[in-house]
Structures are given as C-alpha cells and as structure tokens.
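Residue numbers (the working numbering): 102 to 330.
All C-beta atoms, glycine included, are put in the ideal place defined by N, C-alpha and C.
For reference, the structure is listed below as structure tokens.
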Ligand SMILES: [Fe+2]
Ligand SMILES: [Fe+2]
C-alpha cells in the first residue's frame, strides 16, 4: 500500500521562518475548539492568577519547555528513522521549537531577567510513567503524550494572553497558538499513523491522566502545573 507523502514544499509552506516578534500583528485567528475538545479540563482562574503573579518563573519555565520540546523531538528523530513522514514533521518541529526558545531567551534578555535553574515539574513525568514499554506501543504513547503537552501549552497561552497586563507578551502568546496547535495535530496524526487500530482508547486514557495532573493540587508552580496548592 502506498500512502501519500507530504512534500517538502508543502511542509515549507507551513513552517515559520525567523520571525521578528516585535512586529507581530494581532489578533492571530486560531480556532481553539479542537484543543478544548481534546483536553479533559480547562485551566483554572486560580492557576492563571498565580502564574501572572509569578511571571518571571513562568517565563523561565516556558524557556525550559521550548528547549525540552525540541530535545524530545530530537530523541524521536534518532530512534525512529524508518518513517519519512515522522522524520519530516519532527525536523520541522525541532526547528520551530528552537525558534521559540530563541524568542523566549530574547524576551528574558529584554526584561533583564537572568537565567535561573528551575527543576522540571511533575507534569510530563506523570504521563511518561504510564507509557507502555514495547514497540510500537511505546512510540505511540510518546506521540500521544506529545499531543497533550502541545494542546495544554496552547490552552495555557490562550488563557494567559486573555488576562496578561503586558501587550508584548499577550501578542507573543497569541502568536504561539498557531504553531503549538499544529504541533498537537501533528503528534496525534503521527501516533495514529503508526497503529492499524484506533488509538482512541489510549488517547482517552492519557486524557484522564493529564486532566488529573492539571486539576489536582500541586505544590510547585510551573507552566504545566496543577491547581496551585
Ligand atoms: Fe514551542
Ligand atoms: Fe510545540
């Protein structure tokens, strides 16, 4: 069976080039309905208020998240070299996440914010410990988890953008919605492409785990943390 491959030109038309984030125009229209339907819960007002009251920490953790997103995709690109589709999508994703990383570093620099070590929260680990250990199930689970991380990032950027008292960051967070919502769809499509059976049951399983991590009390504040304790 031959499947239609996405051409490099097609991928290029979707990619971001180096973007000057000082020149961003808003509103950038992104329909978040699929994200809200995919996720099992919405971010609470308490989390948004706490995040806005601790913005330097959220910006630092955001920088960490962009770097980790690129790192995770880079691990996948080395481990799963058999799939053309996976390689192309991951290469694009890595480039975009590194661009976001550079942009967040620029924002930190502009704000006079020094880099500070921040440990990882419980979120990604909480999902990864449920990953199956045999292939291709392990890879399918990692890709589904990737879809949840991207979808939640998108939902939180939208929640922060709606309330943040900083026009520049509000614009930047809205700008990120477009690529992060595409990353969510890419991860999900890749996960399904590796399985002959529907992945719906597995998606529903991780939906419950993810939602629990977001809505249950969490002693640490992070970009993907739970209910501030
Ligand atoms: Fe990103
Ligand atoms: Fe992303």
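Does the Cβ of residue i have 16 or more other Cβ atoms within 10 Å, making it buried, or fewer, making it exposed?
i	result
residue 216	exposed
residue 161	buried
residue 165	buried
residue 190	buried
residue 259	buried
residue 180	exposed
residue 193	buried
residue 325	buried
residue 229	exposed
residue 234	exposed
residue 102	For residue 102, the pLDDT reaches just 38, beneath the cut-off of 50, and the residue's location in the model is therefore unreliable, although a value from the coordinates is still provided. The residue in question, residue 102, is exposed, as its Cβ has fewer than 16 Cβ neighbours within 10 Å.
residue 327	buried
residue 225	buried
residue 330	exposed
residue 222	buried
Could you pull the DSSP bridge partners for residue i from this structure?
i	result
residue 318	328
Apart from the five residues on each side of it in sequence, which residues of its chain come closer than 6 Å, Cβ to Cβ, to residue i?
i	result
residue 292	241, 244, 245 and 300
residue 104	Confidence in residue 104 is poor, its pLDDT being 44 and thus under 50, which makes the residue's placement unreliable; the coordinate value appears in the next sentence. Answer for residue 104: no residue qualifies.
residue 248	285, 288 and 289
residue 237	295
Starting from residue i and walking both ways along the alpha helix (DSSP H), at which residues does that stretch end?
i	result
residue 198	185 to 211
residue 149	146 to 154
residue 143	First-last for residue 143: undefined, no H or E at that position.
residue 261	238 to 264
residue 293	268 to 294
residue 182	Where residue 182 is concerned, there is no enclosing alpha helix (DSSP H), given that its DSSP letter is neither H nor E.
residue 234	It is not in any alpha helix (DSSP H) - residue 234 carries neither H nor E in the DSSP assignment.
residue 297	Neither: residue 297 is in no alpha helix (DSSP H) and is coded neither H nor E.
residue 137	134 to 139
Ligand 2 and residue i: does any heavy atom of the ligand fall closer than 7 Å to the residue's C-beta?
i	result
residue 235	no
residue 292	no
residue 170	yes
residue 297	no
residue 251	yes
Looking at residue i and ligand 1, is the gap between the Cβ and the nearest heavy atom below 7 Å?
i	result
residue 198	yes
residue 282	no
residue 174	no
residue 256	no
residue 201	yes
residue 186	no
residue 167	yes
Who are the near neighbours of residue i in its chain, counting only those whose CB is closer than 8 Å to its CB and skipping five residues on each side?
i	result
residue 312	140, 141 and 142
residue 47	Outside the modelled stretch of the chain, which goes from 102 to 330, sits residue 47, for which no answer is possible.
residue 256	133, 136, 137, 140, 143 and 144
I'd like the list of long-range same chain contacts for residue i, defined as Cβ closer than 7 Å, with 5 residues on each side in sequence excluded.
i	result
residue 309	141
residue 251	281, 284, 285 and 288
residue 199	171
residue 149	260, 261 and 264
residue 168	202
residue 271	262 and 265
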